[in-house]
Amino acid sequence: MALESRAYPSTLQLVYDMGTDEDGKKISRRRSYTNVKSEAADQDLFDVALAIAGLQTNVVNQVLVNEKTELVNI
2 MALESRAYPS TLQLVYDMGT DEDGKKISRR RSYTNVKSEA ADQDLFDVAL AIAGLQTNVV
62 NQVLVNEKTE LVNI
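Okay, so the sequence shown: first residue is 2 according to the numbering used here, each after it adds one.
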C-alpha cells in the first residue's frame with residue numbers, strides 16, 4: 002500500500018494586539034489570508050506579513066502559517 006502526500010494552499014494569519022479590556026485582559030484579533038501557495042518561501046510570507054502590518058494601526062504580535070496536506074492511499 003503506497004501513500005501520497007498532496008500539499009494544499011496554506012493560510013497566512015496575522016494576530017493583532019487590540020489593547021486590553023476593562024478587566025485588564027489582552028484582546029487580540031486574527032486576520033486570515035487564504036489560498037497562499039504551498040511552495041511560497043517562509044521569508045516571502047514574512048515579508049508580505051510585514052507589508053500588510055505596515056498598513057495597519059494595531060501592532061502585529063504573531064505571524065502564523067497554517068499548512069495543509071492531504072494523505073492519499075494510492
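Cβ coordinates follow ideal geometry from the N, Cα and C atoms, glycine included. These numbers were taken from a predicted model, which means no experiment stands behind them.
Which residues in the same chain as Y9 place their Cβ atom closer than 7 Å to its Cβ, once the five residues preceding and following it in sequence are excluded?
Your numbering for residue 9 matches position 8 in the sequence shown. Cβ neighbours of Y9 beyond the five flanking positions: S39, K69, T70 and E71.
Since L46 contacts V66 with CB under 8 Å, what's their CB separation in whole angstroms?
As a position in the sequence shown, residue 46 is number 45, starting the count at 1. As a position in the sequence shown, residue 66 is number 65, starting the count at 1. Contact flag correct, Cβ pair sits at about 6 Å.
Would you mind reading off the limits of the alpha helix (DSSP H) that contains Q44?
Stepping through the sequence shown from its first residue, residue 44 is reached at position 43. D43 to A54 is the span of the alpha helix (DSSP H), which, as asked, contains Q44.
Which residue from D22, A42 and I53 puts its Cα closest to that of Y34?
By one-based count along the sequence shown, residue 34 stands at place 33. Measuring from the Cα of Y34, the nearest candidate turns out to be I53.
For the beta strand (DSSP E) that Q57 lies in, which residues bound it at each end?
Walking along the sequence shown from the start, residue 57 turns up at place 56. Note, Q57: premise wrong, no beta strand (DSSP E); not H, not E.
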